[in-house]
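Asks: Anchor point for the sequence shown: position 28 equals 28 in the UniProt record's numbering, and the numbering is continuous, going up by one each time.
Ideal placement from N, C-alpha and C gives every residue a C-beta, glycine not left out.
Quick one: structure below, then a few questions.
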Amino acid sequence: MRLLYRHARERQRILDLFAVIDWMMRLPDALEQALWNEIQTIEGERKMAYVTSVERLAIQRGLQQGEEKGRVEGRVEGRVEFLTRLLTKRFGPLSAEIQARLARTPTDQLERWGERLLDAESLDGVFDEH
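The structure is reproduced here in structure tokens:
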């Protein structure tokens with residue numbers, strides 16, 4: 001497989017050859033999937049250009065920042081879901097307006113509402129700022 005990729009410069013010629021092989025020989029699903037995975041790996045290796053150390057650092061930083069942003073967003077979503085469950089359990093089904101309000105609220109405000117939930121006698125008491 002790798003030898004074929006090394007000698008054939010045009011991707012379409014390789015695909016045409018695979019089409020002929022596929023027509024001549026039907027592989028079991030597991031082997032067909034393994035072949036496809038190998039082809040994707042080889043094509044990925046061929047597309048990889050040289051990356052400088054500065055570019056690698058920038059890529060790594062970008063990945064780390066993306067992961068951190070995802071963690072933060074996940075924590076916020078988790079808090080929204082938890083507060084939604086608590087409010088629903090205590091006061092009944094929430095309106096679409098309240099659900100939307102919870103979804104767009106910063107974490108610190110969600111925490112304040114969560115604390116108010118403990119003492120509030122009504123849903124309005126949770127959200128009242130006075």
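#1: Exposed or buried, what is Val-126 when buried is set at 16 or more other beta-carbons lying within 10 Å of its beta-carbon?
#2: Could you check which residue in Leu-35, Gly-114, Ser-122 has the C-alpha nearest to that of Phe-91?
#3: Helix, strand or coil for Met-25 per DSSP?
#4: Between Leu-83 and Leu-63, is the Cβ-Cβ spacing less than 8 Å?
#5: May I ask you to verify whether the stretch 110-119 touches the stretch 85-99, counting CB pairs closer than 8 Å and requiring at least 3?
Replies: Taking the geometry as given:
#1: Val-126 counts as buried, since at least 16 other C-beta atoms from the protein chains shown sit within 10 angstroms of its C-beta.
#2: Cα-wise, what sits closest to Phe-91 is Ser-122.
#3: For Met-25, the secondary structure class from DSSP, reduced to helix, strand or coil, is coil.
#4: No; because the gap between Cβ atoms is not below 8 Å, this pair is not in contact.
#5: Because the criterion of three Cβ pairs below 8 Å is met, the stretch 110-119 and the stretch 85-99 touch.
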